[in-house]
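Engineer: Protein chains in written order, with my numbering: chain W, 1 to 436; chain A, 437 to 566.
Right, I'll just put the structure down here and ask away after.
Shown next, in the form of C-alpha cells:
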C-alpha cells in the first residue's frame, strides 16, 4: 500500500519538472497546468493500487501529455475542423517522447518554468503568487490568505499574470549560457522574494509555509545548478534566517529583536545546513550578494550570545556588500556594526550623509537615536526616536522605540546616573530582509 | 552480525515533506528505534542533510566537486547500524521500517569493520552551543 502522504509529497516534488516538461510540449501554461492536474488525479487513483511508478515524474509527464492530447483531439473532432497546424505540431512532439528524460533537459524545463513566473514584465506582486500557484501548487485560497486579499482578487491577479506571460514570448529553445545565467539570477531573486514575503508575514502559519516553500525551491535550484556559489549563498541565507523562526515572535505575535531572542530556540539543523553551504561557496572565490549576506547571518548564528558577536567581521562583510551592491540600507547596517566595533561616534559619521535618502526609513532614525544615546546626547536621541516612531511599520517597532524614549525621560528625571541601557542596536534582523 | 542499513530514497520527495509529514514519519520510526535500542540491536543511526550540502573529493586528481559522489535518482539519505542474527532478521527490520517510511529502498550490507569512535556532541561546536 502506498502511503497517501508519500504520494502527496511525490506529486509536490515532481510538479516543477512535470509542468516544466508539459509546458515545453504545449507552450501554454494553462494547458500544461491542466494536463498536470489530470495526471495527478490519475496518480491518486492508480498509485495506491499499483504502487508508485519507478519514475513518478516521467509517469506524470507521459500521462499528462496523453490526457492533454486527448483533449485537443476531442475538441478538434467536436468542432469538425481539425486544426492542421496544431495537429502536426503535436505529432512532432510525440516522437521524442520515448522518455529517456535526460537531466539537462529537465533542468532547462524547470528553469524556464521558474523564469516565466518571474518574467521582467511582471511586477513582484504578481510574480510571487504566480510562482506559488504554478510551481509550488498552492491553492489560490492559500495564496490569497498569505497576501491578505480575497480569493477572487487573487484569482484575478494570477489570471492577469498568466495573460501577460503568454504575451511575453519566452523562448522555448534551449537557452545559451548567457541566457541561462540571466534566468538563474532572476529566478534566485524571485525565490528570495517568496522567502521575504513569508519572513515579513505577520501571521505565523503563512510565515512558515512561504519560507519553507522558498527553501524547497532553493534546494531544487541548487540541485540543478550544483556548482553556483550564489545559489549556495541564497540557500544558506534563507536557511540561517529561517533558523530563527521560533525565536522571532513572542506568544502575542509581537516581533522580538535579535539581541533579545532566545538563541536556544534557533534551529541548529537549518544553521548546520546553511554553514555547510557557505563553506562550499567560499571555495569558489566568486563572492556575491547572497553569499555575503549569508556569511553575515552565519556570524550571528555562530555567536552564542549577542555580546560575543564578531562585529568586526560583520562590519567587513557589510563593507564588501557596499561594494558589490551599494545601497544606503547596506551602509546603515554597516554603521550598526561599526557602532559595536568602533563606537557610536564613528557610526554616526558614517550615516550622516544618508539622512536625506533615508528620510522615510524607520530603521535609520532608530539607529541614529541609538547612536546618539550611546554618546550621551539624550535630547537629540529623543528627537530621532520621535521620528522613528512616526515611521514605524509595526506596533512592535514603535513600542521598542517608545521604551527607549521612556528610559531617556526616566534618566533625565532622576539625573543620577549616566545613561546606560542598551547600546546602539538597530534591528539587524528585520533590516536584513530589506537588502536585495 | 553487524549490518549497515543504508537508506535510499528520493531526496526531492523526502525534502518536500511538510513539517507535519516529516514529524509523523520520524515519530513512527522512533517507535521502532526505541524498541531496537532497548533490545540492544541498534547502534549509531544518522540522517544526512540534502545532497546539495555535500562536497566530494575525487581522489584521482584531488578535485573537489559540489554535490554527492553518485548522481542517482535515489540518494543515500542516512543509515543505521543494526546487530542481527542473520539477513532474515535484518530484512524483517527493514520491512518494519518500510511501513513507517515508504518509498525508496534499504540496502543491507554486512559490516567488515566497526569502529564506534569517541562519543561526539550532537551540537557540534562550529554551529555554536546555545
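Quick reminder that beta carbons are idealized off the backbone N, C-alpha and C, glycines included.
Expressed to the nearest angstrom, what Euclidean distance is found between the alpha-carbon atoms of residue 44 (chain W) and residue 271 (chain W)?
Structural biologist: Distance between the alpha carbons of residue 44 (chain W) and residue 271 (chain W): 36 Å.
Engineer: Which residues in the same chain as residue 129 (chain W) place their Cβ atom closer than 8 Å to its Cβ, once the five residues preceding and following it in sequence are excluded?
Structural biologist: Once the five neighbours on either side are set aside, the close Cβ partners of residue 129 (chain W) are 143, 147, 154, 157, 158 and 161.
Engineer: Between the region 212 to 224 of chain W and chain A, which residues of the former have CB atoms less than 8 Å from a CB of the latter, in chain order?
Structural biologist: If the cut-off is 8 Å between Cβ atoms, the region 212 to 224 of chain W has 212, 216, 219, 220, 222 and 223 near chain A.
Engineer: Can you tell me whether residue 259 (chain W) is helix, strand or coil according to DSSP?
Structural biologist: Three-state result, residue 259 (chain W): helix.
Engineer: Who are the neighbours of residue 6 (chain W) on chain A, taking C-beta pairs under 8 Å?
Structural biologist: Ordered by position in chain A, the residues that pass the 8 Å Cβ test against residue 6 (chain W) are 449, 538 and 539.
Engineer: Rounded to the nearest angstrom, what separates residue 445 (chain A) and residue 210 (chain W) at their Cα positions?
Structural biologist: One C-alpha to the other measures close to 25 Å.
Engineer: Alpha carbon to alpha carbon, how far is residue 373 (chain W) from residue 224 (chain W)? Give it in angstroms, no decimals.
Structural biologist: When rounded, the distance between both Cα atoms is 50 Å.
Engineer: Report the CB separation of residue 60 (chain W) from residue 39 (chain W) in whole angstroms; it is logged as a contact under 8 Å.
Structural biologist: At roughly 4 Å, the Cβ-Cβ gap stays under 8 Å, so residue 60 (chain W) and residue 39 (chain W) are in contact.
Engineer: DSSP state of residue 541 (chain A), grouped into three classes?
Structural biologist: DSSP places residue 541 (chain A) in strand when its eight states are reduced to three.
Engineer: Within 7 Å: the Cβ of residue 121 (chain W) and any heavy atom of the ligand COA?
Structural biologist: With respect to the ligand COA, the structure offers nothing, as it holds no ligand at all.
Engineer: Measuring alpha carbon to alpha carbon, tell me which residue in W:208, W:322, W:234 and W:215 is nearest residue 350 (chain W).
Structural biologist: If we check each option's Cα against that of residue 350 (chain W), W:322 comes out closest.
Engineer: Expressed to the nearest angstrom, what Euclidean distance is found between the alpha-carbon atoms of residue 337 (chain W) and residue 549 (chain A)?
Structural biologist: In a straight line, the C-alpha of residue 337 (chain W) is about 51 Å away from that of residue 549 (chain A).
Engineer: Thinking just about the alpha-carbon of each residue, which of W:196, W:246 and W:110 is nearest to the one in residue 235 (chain W)?
Structural biologist: The shortest C-alpha separation from residue 235 (chain W) is found at W:196.
Engineer: In this structure, what does DSSP give as the bridge partners for residue 208 (chain W)?
Structural biologist: Partner(s): none; residue 208 (chain W) has no beta bridge.
Engineer: Taking 8 Å as the CB-CB cut-off, is residue 3 (chain W) touching chain A?
Structural biologist: For residue 3 (chain W), the answer is yes, since a Cβ of chain A falls inside 8 Å of its Cβ.
Engineer: So residue 34 (chain W) and residue 58 (chain W) are supposed to be a Cβ contact under 8 Å. How far apart are they, rounded?
Structural biologist: No, residue 34 (chain W) and residue 58 (chain W) are not in contact; Cβ-Cβ is about 19 Å, not under 8 Å.
Engineer: Are the CB atoms of residue 541 (chain A) and residue 468 (chain A) within a distance shorter than 8 Å?
Structural biologist: No, Cβ-Cβ distance for residue 468 (chain A) and residue 541 (chain A) is not below 8 Å.
Engineer: How many angstroms separate the CA atom of residue 538 (chain A) from the CA atom of residue 283 (chain W)?
Structural biologist: Distance between the alpha carbons of residue 538 (chain A) and residue 283 (chain W): 37 Å.
Engineer: Which residues, in chain order, does the region 11 to 34 of chain W contribute to contact with chain A at a C-beta distance below 8 Å?
Structural biologist: Against chain A - using a Cβ distance shorter than 8 Å - the residues of the region 11 to 34 of chain W are 12, 13 and 14.
Engineer: Take residue 554 (chain A) as the anchor and find which of A:480, A:466, A:442 and A:471 has the nearest alpha-carbon.
Structural biologist: Ranking A:480, A:466, A:442 and A:471 by Cα distance to residue 554 (chain A) puts A:480 first.
Engineer: For residue 502 (chain A), which residues from the same chain have a beta carbon less than 7 Å from its beta carbon, with the 5 sequence-adjacent residues on both sides left out?
Structural biologist: Contacts found: 491.
Engineer: Could you check how far apart the C-beta atoms of residue 348 (chain W) and residue 371 (chain W) are, in whole angstroms? I think they sit under 8 Å.
Structural biologist: Yes, residue 348 (chain W) and residue 371 (chain W) are in contact; Cβ-Cβ is about 5 Å, under 8 Å.
Engineer: Give a yes or no on whether the C-beta atoms belonging to residue 118 (chain W) and residue 134 (chain W) are separated by under 8 Å.
Structural biologist: Against a cut-off of 8 Å, the Cβ pair of residue 134 (chain W) and residue 118 (chain W) comes out as no contact.
Engineer: Can you list, in chain order, the residues of its chain with a C-beta nearer than 8 Å to that of residue 6 (chain W)? Leave out the 5 residues immediately preceding and following it.
Structural biologist: Within the same chain, residue 6 (chain W) has close Cβ partners 52.
Engineer: So which residues on chain W does residue 503 (chain A) lean against when the C-beta distance must stay under 7 Å?
Structural biologist: Near residue 503 (chain A) (Cβ distances below 7 Å), the residues of chain W are 226.
Engineer: Along the chain, where does the alpha helix (DSSP H) that runs through residue 336 (chain W) open and close?
Structural biologist: Unbroken alpha helix (DSSP H) run through residue 336 (chain W): 328 to 341.
Engineer: May I have the straight-line CA-CA distance separating residue 168 (chain W) from residue 122 (chain W), to the nearest angstrom?
Structural biologist: Looking at the two C-alpha atoms, the distance is approximately 10 Å.
Engineer: What did DSSP end up calling residue 12 (chain W) once you bin it into helix, strand or coil?
Structural biologist: In the structure shown, residue 12 (chain W) sits in a helix (DSSP, three-state: H, G or I).
Engineer: Work out the CA separation of residue 230 (chain W) and residue 115 (chain W) for me, nearest whole Å.
Structural biologist: The alpha-carbon atoms of residue 115 (chain W) and residue 230 (chain W) are separated by roughly 17 Å.
Engineer: Measuring straight from C-alpha to C-alpha, what distance separates residue 132 (chain W) and residue 21 (chain W)?
Structural biologist: Between residue 132 (chain W) and residue 21 (chain W), the C-alpha separation is close to 18 Å.
Engineer: I'd like the span of the beta strand (DSSP E) that includes residue 445 (chain A), first residue to last.
Structural biologist: Element bounds for residue 445 (chain A): 438 to 445.
Engineer: Bridge partners of residue 511 (chain A), per DSSP?
Structural biologist: Answer is A:445.
Engineer: If you draw a straight line from the alpha carbon of residue 216 (chain W) to that of residue 192 (chain W), how long is it in whole angstroms?
Structural biologist: Rounded to whole angstroms, residue 216 (chain W) to residue 192 (chain W) spans 12 Å at the Cα level.
Engineer: I need the DSSP call for residue 492 (chain A), collapsed to helix, strand or coil.
Structural biologist: Strand at residue 492 (chain A).
Engineer: Taking residue 264 (chain W) as part of the beta strand (DSSP E), name the residues at either end of that continuous run.
Structural biologist: Here residue 264 (chain W) belongs to no beta strand (DSSP E), and DSSP marks it neither H nor E.
Engineer: Going by DSSP, what residue range makes up the alpha helix (DSSP H) through residue 500 (chain A)?
Structural biologist: Counting along the chain, residue 500 (chain A) falls outside any alpha helix (DSSP H), though it belongs to the beta strand (DSSP E) covering 500 to 502.
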